[in-house]
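Novice: Below: one structure in structure tokens.
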Ligand SMILES: Cc1ncc(COP(=O)(O)O)c(C=O)c1O
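Numbering (my numbering), first residue to last: 136 to 553.
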């Protein structure tokens, strides 16, 4: 590796601040177990126009040698001005357009590229869906073996695509939290790369989520007042905030938008911690133990009582004068339906949660009339057809020609269908 490539990016510990060897596979700081971050060659960063993927921001991603990149064309997703009635301006960042239908592809492209650069060809993940699917796709593209640990209760239709990609799917008798811990241990024993989108387990992938901030800034430079994102581990939200920090360091963005996290009402550890003003990891863990991850929800991908990146996310929420809000399945269903009707966007419940949270923040006047908001629609509804069919179910009776004509006439006359 020559000097220039070595200087592209440097890893360091966020706690003891030591520089760390970029050629090793890093999970936590080997000296103090602190979280790992990256420094880039700030004086030579360029936000390029090509290729049409997150890799046009390669100067800000933690890969040393770009020939290792594994890409399926992730990122460059549309920012759509919503038709939903509201007083301010609502933009929707449609992450459903990523290769496997979710935001996780940004992180995964970085993670699998890093695994390749490190010479690791075994990949493992514990996932309720999106990150597992994305792991399986990117590992297939890279010619690697992947194994996905899926927590108790995952229906086959959610893992079928992983099977198609050739991944080993292991249903695990435990919650997502237990599956994540098991995955961490087993990956260590087996010398596998953990393609988790949580910084405490994988510092590289969180960097992929930053690219959402770069794209938002390119389209609406310093025009976005709020970014609203759903939280599972809270990694996406923390990643986006880091992206804005990069832009500020580069002298491009003047300010960080206010960051808002939306979580499930029955798993609202972040909201409780935020209200109590005790936002550290210990308190989040303590609160998480009082919540029931087993309670059914349509937004399965948000069903984490303990958000692994929660402390970091709460810190950026505090710095940006942001907010935490929680929503229930009914509110999520309403949001899913309304954005489908108003904007033609079919999103999964875990994404619709962000929109439901946005509406709540507007009705509480936390988001003020006239403010410009970007809601991150994290995943496609086509990946959760069974759940969505169960909440929208309507009788499907058969019509003959005459009754079909009558019904069509009534419908187009506006007598039904509102
Ligand atoms: C579609 C979707 N939205 C949101 C999230 C939450 O992301 P994070 O866990 O980074 O907070 C996930 C997590 O898997 C997801 O799959």
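Quick reminder that beta carbons are idealized off the backbone N, C-alpha and C, glycines included.
Every value quoted in this text rests on a predicted model; they were computed, and no experiment measured them.
Can you name the start and end residues of the beta strand (DSSP E) that residue 341 belongs to?
Specialist: For this step, residue 341 is matched to residue 206 along the chain shown. Per DSSP, residue 341 belongs to no beta strand (DSSP E); it is in the alpha helix (DSSP H), 338-344.
Novice: Who's in the neighbourhood of ligand 1, going by beta-carbon under 5 Å from any heavy atom, listed in chain order?
Specialist: 237, 265, 365, 366, 367, 368, 369, 370, 371, 436, 485, 513, 514
Novice: Which same chain residues end up closer than 7 Å to residue 205 when comparing Cβ atoms and leaving out the 5 residues on each side of it in sequence?
Specialist: Along the chain shown, read from residue 1 onward, the residue named residue 205 stands at position 70. Excluding sequence neighbours, residue 205 sits near 244, 247, 248, 251, 273, 276, 277.
Novice: For residue 441, is the classification buried or exposed, using 16 other Cβ atoms within 10 angstroms of its Cβ as the cut-off for buried?
Specialist: Working through the chain shown from its first residue, we reach residue 441 at position 306. Burial call: buried.
Novice: Using DSSP with H/G/I as helix, E/B as strand and the rest coil, what is residue 173?
Specialist: Residue numbering aside, residue 173 sits at position 38 when the chain shown is read from its first letter. Correct three-state label for residue 173: strand.
Novice: From 545, 541, 477, pick the residue whose C-alpha is nearest to that of residue 226; which is it?
Specialist: Taking the chain shown and counting its residues from 1, one reaches residue 226 at position 91. Nearest option by C-alpha distance: 477.
Novice: Short of 7 Å in beta carbon distance, which residues of its chain neighbour residue 181, apart from the five on each side in sequence? Order them along the chain.
Specialist: As a working note, residue 181 is residue 46 in the chain shown. Within the same chain, residue 181 has close Cβ partners 194.
Novice: Where do the ends of the alpha helix (DSSP H) carrying residue 273 lie?
Specialist: In the chain shown, residue 273 corresponds to position 138, counting from 1. That run of the alpha helix (DSSP H) goes 265-277.
Novice: So, using beta-carbon positions, are residue 465 and residue 474 closer together than 8 Å?
Specialist: In the chain shown, counting from the first residue as 1, residue 465 sits at position 330. In the chain shown, counting from the first residue as 1, residue 474 sits at position 339. Against a cut-off of 8 Å, the Cβ pair of residue 474 and residue 465 comes out as no contact.
Novice: Could you pull the DSSP bridge partners for residue 148 from this structure?
Specialist: Along the chain shown, one-based indexing puts residue 148 at 13. Paired residues: 171.
Novice: Among 528, 428, 517, which one has its Cα closest to the Cα of residue 293?
Specialist: For the purposes of this step, residue 293 is taken as residue 158 along the chain shown, with counting starting at 1. Checking every option, the nearest Cα to that of residue 293 belongs to 517.
Novice: How would you call residue 167, buried or exposed, if buried means at least 16 neighbouring beta carbons within 10 angstroms?
Specialist: Position 32 of the chain shown, counted from the first residue, corresponds to residue 167. Exposed: under 16 other Cβ atoms inside 10 Å.
Novice: Buried or exposed for residue 177, going by 16 or more other Cβ atoms inside 10 Å?
Specialist: Within the chain shown, residue 177 is the residue found at index 42, counting from 1. The residue is exposed, with fewer than 16 neighbouring Cβ atoms inside 10 Å.
Novice: Whole angstroms is fine: what's the gap from residue 408's alpha carbon to residue 501's?
Specialist: Along the chain shown, read from residue 1 onward, the residue named residue 408 stands at position 273. Along the chain shown, read from residue 1 onward, the residue named residue 501 stands at position 366. Their Cα atoms are separated by approximately 18 Å.
Novice: According to DSSP, simplified to helix, strand and coil, what is residue 138?
Specialist: The residue you call residue 138 lines up with position 3 of the chain shown. The predicted position of residue 138 is uncertain, since its pLDDT is 37 and thus under 50; a value taken from the coordinates is nonetheless stated next. Of the three classes helix, strand and coil, the one that applies to residue 138 here is helix, per DSSP.
Novice: Could you pull the start and end residues of the alpha helix (DSSP H) that residue 546 belongs to?
Specialist: Taking the chain shown and counting its residues from 1, the one referred to as residue 546 is at position 411. Per DSSP, residue 546 belongs to the alpha helix (DSSP H) from 536-547.
Novice: To which residues of the same chain is residue 307 closer than 8 Å at the C-beta, ignoring the five residues directly before and after it?
Specialist: Here the question's residue 307 lines up with position 172 in the chain shown. Residues 261, 284, 285, 286, 287, 313, 314, 317 of the same chain have their beta carbon placed closer than 8 Å to that of residue 307, with the five preceding and five following residues left out of the count.
Novice: Per DSSP, what are the beta-bridge partners of residue 306 in this structure?
Specialist: Numbered from 1 along the chain shown, position 171 holds the residue referred to as residue 306. DSSP output for residue 306 lists 285 as bridge partner(s).
Novice: Is the separation between the beta-carbon of residue 505 and that of residue 222 shorter than 8 Å?
Specialist: Position 370 of the chain shown, counted from the start, is the residue given in the question as residue 505. Position 87 of the chain shown, counted from the start, is the residue given in the question as residue 222. In this structure, residue 222 lies closer than 8 Å to residue 505 by Cβ.
Novice: Looking at C-alpha atoms only, which residue of 192, 271, 537, 323 is the closest neighbour of residue 298?
Specialist: Here residue 298 is taken as the residue at index 163 of the chain shown, counted from 1. Checking every option, the nearest Cα to that of residue 298 belongs to 271.
Novice: So is residue 164 buried or exposed if we call it buried at 16+ other beta carbons inside 10 Å?
Specialist: As a working mapping, residue 164 is identified with position 29 in the chain shown. Classification for residue 164: buried.
Novice: How about residue 405 and residue 451: are their beta carbons less than 8 Å apart?
Specialist: Residue 405 sits at position 270 when you count from the first residue of the chain shown. Residue 451 sits at position 316 when you count from the first residue of the chain shown. Going by C-beta atoms, residue 405 is not nearer than 8 Å to residue 451.
Novice: Give the single residue among 301, 455, 459 whose Cα lies nearest to the Cα of residue 392.
Specialist: Numbered from 1 along the chain shown, position 257 holds the residue referred to as residue 392. Of 301, 455, 459, the residue nearest in Cα terms is 455.
Novice: For residue 224, which residues in the same chain have their Cβ closer than 6 Å to its Cβ, ignoring the five residues on either side in sequence?
Specialist: If you number the chain shown from 1, residue 224 lands on position 89. These residues qualify, in order along the chain: 507.
Novice: Can you tell me where the alpha helix (DSSP H) with residue 469 in it begins and where it stops?
Specialist: Taking the chain shown and counting its residues from 1, the one referred to as residue 469 is at position 334. It spans 464-478 - the alpha helix (DSSP H) in which residue 469 sits, taken as one unbroken run.
Novice: When burial is assigned at 16 or more other CB atoms within 10 Å of the CB, is residue 159 buried or exposed?
Specialist: Residue numbering aside, residue 159 sits at position 24 when the chain shown is read from its first letter. The residue in question, residue 159, is exposed, as its Cβ has fewer than 16 Cβ neighbours within 10 Å.
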